[in-house]
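**Student:** The sequence shown begins at 0 in numbering that gives the first Met the number 0 and counts up one residue at a time.
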Amino acid sequence: MNRRMVLRGSGVAFTATLAGCSSNETDAGAGGTDGKPETVVDETIAIPSNYSVDAEPKDVLRFEVTARAGNATVRVVTADDTVESIHRETVETDASFTVAIEDPGAYEIRAVPRGETQLRAEIVRSA
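#1: Per DSSP, E83 forms a beta bridge with which residues?
#2: Let me know if S84 comes out buried or exposed under the rule of 16 or more other beta-carbons within 10 Å of its beta-carbon.
#3: Looking only at its own chain, which residues have a Cβ that is under 7 Å from the Cβ of D102, when we skip the five neighbours before and after it?
#4: Using a threshold of 8 Å, state whether the C-beta atoms of F96 and E88 are closer than that.
#5: Sort T77, D33, R124 and V59 by Cα distance to A105 and report the nearest one.
#6: So if DSSP puts V39 in a beta bridge, which residue, or which two residues, is it bridged to?
#7: Considering only residues of the same chain and omitting the five flanking positions on each side of T92, which have a CB-CB separation below 7 Å?
#8: If I follow the unbroken beta strand (DSSP E) through G34, where does it start and stop?
#9: Any idea if R124 is buried or exposed, counting beta-carbon neighbours within 10 angstroms, 16 or more meaning buried?
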């Protein structure tokens, strides 16, 4: 089972934190899992960026917006031939929200923080 997320920045330098590197939890047991959710990516986004994500069912995308003299728009779309939007949100104040992934496949996160607003994106994988 491939437990790694693949992120590619579009037009920006982006260093991905891959499976296990950013998690506070450790895998245990012969199956490689301790039965707890694992944060596989935890990044702060301060400039408009697009990221491709290979996701599994039950993955959760968590977003936290710190609004400082601006707002942020986040859009999650399928990255296949249909390019279907599964979530779009514009946030004017400090807020957090989640997007549950139901189907495996490629998705694109389109994040547009404006002004001095920052956006924190986490991808949490169920055990």
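Glycine is no exception: its CB is placed at the ideal position from the N, C-alpha and C atoms.
**Tutor:** On the basis of the supplied data:
#1: Bridge partners of E83: none, in fact.
#2: Answer is exposed; the Cβ neighbour count stays below 16.
#3: The residues are P56.
#4: By the CB criterion at 8 Å, F96 and E88 fall inside the cutoff.
#5: Here the closest residue by C-alpha is T77.
#6: Residue pairing of V39 in beta bridges, as defined by DSSP: absent, with no partner found.
#7: Excluding sequence positions up to five before and after T92, its CB lies within less than 7 Å of the CB of A66, all in the same chain and listed in chain order.
#8: Element bounds for G34: n/a, residue is neither H nor E.
#9: Classification for R124: buried.
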